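So the protein lines, in turn, are chains A and B.
Residue 119 in this note's numbering sits at position 119 of the first sequence, with consecutive numbering throughout.
Residue 1195 in this note's numbering sits at position 195 of the second sequence, with consecutive numbering throughout.
For glycine and all other residues, C-beta sits at the position ideal for the given N, C-alpha and C.
What you are looking at is a predicted structure, and each value in this text was computed from that prediction instead of being measured.
Read through the structure below, which is laid out as structure tokens, and then see the notes.
Number of protein chains: 2
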Amino acid sequence: MTRRTGRRPGNPDTRESILDAARAAFAERGFDAAPIRGIAAAAGVDPALVHHYFGSKDQLFLAAMNFPVDPGAVLPGVLAGDRDGVGERLVRTFVGIWDSPAGSAGVALLRSAVSNEWTARLLREFITTQVLRRVLDQLDVDPAELPLRGSLVATQLVGLAMIRYVVRMEPVASADPDTLVAAIGPTIQRYVTGELPT
Amino acid sequence: MTRRTGRRPGNPDTRESILDAARAAFAERGFDAAPIRGIAAAAGVDPALVHHYFGSKDQLFLAAMNFPVDPGAVLPGVLAGDRDGVGERLVRTFVGIWDSPAGSAGVALLRSAVSNEWTARLLREFITTQVLRRVLDQLDVDPAELPLRGSLVATQLVGLAMIRYVVRMEPVASADPDTLVAAIGPTIQRYVTGELPT
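Structure follows, in structure tokens:
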């Protein structure tokens, strides 16, 4: 009898089984509520093998989303420095990643999220838990305001990605990063640290 | 011999032929450069028949996009009143339309634009010529700044539509319109009338 847990580490089928199970769990239950244990069980492997292949749950999520950039590695640069510059730094970092070869994965993700409710849920979880939570957690924001601030930031950044990389409307499509930082940075700054409607 | 121009007015095939030709022409040449004459020729009908079916070129574009709301009818309400309130009025009108049954056509359009380069071009032309040009033309904006202002407005409004209606991230997804107007109105106002990076 072949047990799935008996496959050797690095088996591509095993890796894919784990990623499929992770995508299903994160989309259905959300990132926080989906335990590694349950994902391993759904993939028919030992939880230790999930950790062996993917490291942390965050890393598993990045792999499941086929996401080329680790927000945990990028965001410290955004959060360093003065609080009043976080809007401009977030736009500069965002545009830098999307302008790089990694951006094509972002466009693919947007395309998929728009046509597929399941990917939309994954994208929502990803933005919330991997990006916005990290930014806002470290900025001394009232926790009660965090969801609204976070989803407002998402409206502006997802819209920037749509207009610059998908719809490609000029001049935003080919504007240099400095122009976008100057124009859109203050919007993000207001959503992160400005006064909000109650 | 059956001449296509011989079909009776109201023939659904003729209507569809004209709409197909219009979509192709608007996507390939742009709204301004695509003549009714050329669209009629491509559809094999007399230009008078295009006018008979659809009225103006603007109306033909609305029909070609299957767009349920005529910006030419809606925008006067946005443009009326004080210049400093145009951002809030634009957000309120935008959310009102997307929250109505007409919004499902908007979501379908976004989905199509993201997966299809051709629809993306049509959407770009639509936003530019049917929405932004009307708003900005009447607001005494420097014509040289109009494209950047217009595409910045598009980043925020398309992103709002994506997060509220497609990705459905909370609390933006179910926020009441007043909250969105208060939070996002100032962003639109700055993009329309505020200082821009040079």
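Using a cut-off of 9 Å between C-beta atoms, extract the partners of residue i located in chain B.
{"i": "L123/A", "result": "V1167 and M1169"}
Could you tell me the alpha carbon to alpha carbon distance between residue i and residue j, rounded to whole angstroms?
{"i": "Q1156/B", "j": "L123/A", "result": "19 Å"}
{"i": "A63/A", "j": "A108/A", "result": "15 Å"}
{"i": "V1091/B", "j": "T1187/B", "result": "10 Å"}
{"i": "T198/A", "j": "G1150/B", "result": "29 Å"}
{"i": "A73/A", "j": "K57/A", "result": "15 Å"}
{"i": "V1167/B", "j": "Y1053/B", "result": "37 Å"}
{"i": "R1117/B", "j": "D46/A", "result": "Note that residue 1117/B is Glu in the sequence shown here, rather than Arg. For E1117/B and D46/A, the distance between alpha carbons rounds to 44 Å."}
{"i": "V78/A", "j": "T1119/B", "result": "35 Å"}
{"i": "F1061/B", "j": "A1022/B", "result": "7 Å"}
{"i": "A1027/B", "j": "Q1130/B", "result": "14 Å"}
{"i": "A154/A", "j": "A34/A", "result": "23 Å"}
{"i": "I39/A", "j": "A25/A", "result": "7 Å"}
{"i": "L1019/B", "j": "P143/A", "result": "51 Å"}
{"i": "D1032/B", "j": "A1113/B", "result": "20 Å"}
{"i": "G6/A", "j": "D70/A", "result": "The pLDDT assigned to G6/A is 44, lower than 50, so where the model puts this residue is not dependable, and the model offers no usable value."}
{"i": "G1081/B", "j": "L1139/B", "result": "11 Å"}
{"i": "G1055/B", "j": "V1141/B", "result": "30 Å"}
{"i": "L75/A", "j": "R89/A", "result": "10 Å"}
{"i": "L1110/B", "j": "L49/A", "result": "40 Å"}
{"i": "I163/A", "j": "P1147/B", "result": "13 Å"}
{"i": "R1004/B", "j": "H1051/B", "result": "Here the model assigns R1004/B a pLDDT of 46, short of 50, so the residue's position is not dependable and the matter cannot be decided."}
{"i": "N11/A", "j": "I1097/B", "result": "51 Å"}
{"i": "V86/A", "j": "P177/A", "result": "15 Å"}
{"i": "G1185/B", "j": "L152/A", "result": "12 Å"}
{"i": "I1036/B", "j": "Q1059/B", "result": "12 Å"}
{"i": "R173/A", "j": "G159/A", "result": "Per the sequence presented here, residue 173/A reads as Ala, with Arg not at that position. Approximately 12 Å, taken between the alpha carbons."}
{"i": "A1041/B", "j": "A42/A", "result": "59 Å"}
{"i": "G1044/B", "j": "P1101/B", "result": "35 Å"}
{"i": "S1115/B", "j": "S115/A", "result": "8 Å"}
{"i": "R83/A", "j": "D1084/B", "result": "29 Å"}
Let me make sure I understand the geometry here. Which of the options has the alpha-carbon closest to that of residue i?
{"i": "A175/A", "options": "T187/A, A161/A and L139/A", "result": "A161/A"}
{"i": "D99/A", "options": "N11/A, A48/A, Y165/A and V158/A", "result": "Y165/A"}
{"i": "I1127/B", "options": "N1011/B, P1177/B, D1140/B and F1094/B", "result": "F1094/B"}
{"i": "E145/A", "options": "M169/A, L196/A, P101/A and E170/A", "result": "L196/A"}
{"i": "R29/A", "options": "R83/A, V158/A, R121/A and A173/A", "result": "R121/A"}
{"i": "E1125/B", "options": "E170/A, A42/A and G44/A", "result": "E170/A"}
Check the Cβ-Cβ distances between residue i and every residue of chain A, and say whether any is below 8 Å.
{"i": "R1111/B", "result": "yes"}
{"i": "V1135/B", "result": "no"}
{"i": "L1060/B", "result": "no"}
{"i": "S1104/B", "result": "no"}
{"i": "I1127/B", "result": "yes"}
{"i": "A1025/B", "result": "no"}
{"i": "P1012/B", "result": "no"}
{"i": "I1163/B", "result": "yes"}
For residue i, which residues in chain B fall below 8 Å Cβ to Cβ?
{"i": "Q156/A", "result": "T1155, Q1156, G1159 and T1187"}
{"i": "S115/A", "result": "R1111, V1114 and S1115"}
{"i": "A33/A", "result": "Those do not exist, as A33/A stays about 15 Å from chain B at its closest Cβ, beyond 8 Å."}
With a threshold of 8 Å between beta-carbons, can residue i be considered close to chain B, or not?
{"i": "D142/A", "result": "no"}
{"i": "T179/A", "result": "yes"}
{"i": "M65/A", "result": "no"}
{"i": "S100/A", "result": "no"}
{"i": "R4/A", "result": "Confidence in R4/A is poor, its pLDDT being 46 and thus under 50, which makes the residue's placement too unreliable to answer from."}
{"i": "V172/A", "result": "yes"}
{"i": "P71/A", "result": "no"}
{"i": "L90/A", "result": "no"}
{"i": "E16/A", "result": "no"}
{"i": "A120/A", "result": "yes"}
Mind listing the chain A neighbours of residue i? Cutoff is C-beta to C-beta under 7 Å, in chain order.
{"i": "A1183/B", "result": "L152, L196 and P197"}
{"i": "I1039/B", "result": "Those within 7 Å of I1039/B in chain A number zero; the least Cβ separation is about 23 Å."}
Could you tell me which chain A residues have their CB closer than 8 Å to the CB of residue i, listed as they occur along the chain?
{"i": "P1147/B", "result": "E170 and P171"}
Taking 7 Å as the cut-off, does the CB of residue i come closer than this to any heavy atom belonging to the ligand MN?
{"i": "F54/A", "result": "With respect to small molecules bound, the structure shown includes none, and the ligand MN cannot be examined in it."}
The stretch 1178-1187 of chain B / the stretch 1011-1020 of chain B touching (three or more Cβ pairs under 8 Å): No, because fewer than three Cβ pairs between the stretch 1178-1187 of chain B and the stretch 1011-1020 of chain B fall closer than 8 Å, the two stretches do not touch.
Check whether the stretch 1062-1079 of chain B touches the stretch 1094-1111 of chain B, taking contact to mean three or more Cβ pairs, one atom from each stretch, closer than 8 Å. Flag = yes, the stretch 1062-1079 of chain B and the stretch 1094-1111 of chain B touch.
Meets three-Cβ-pair contact criterion under 8 Å: the stretch 190-198 of chain A and the stretch 127-143 of chain A: Yes: at least three Cβ pairs fall under 8 Å.
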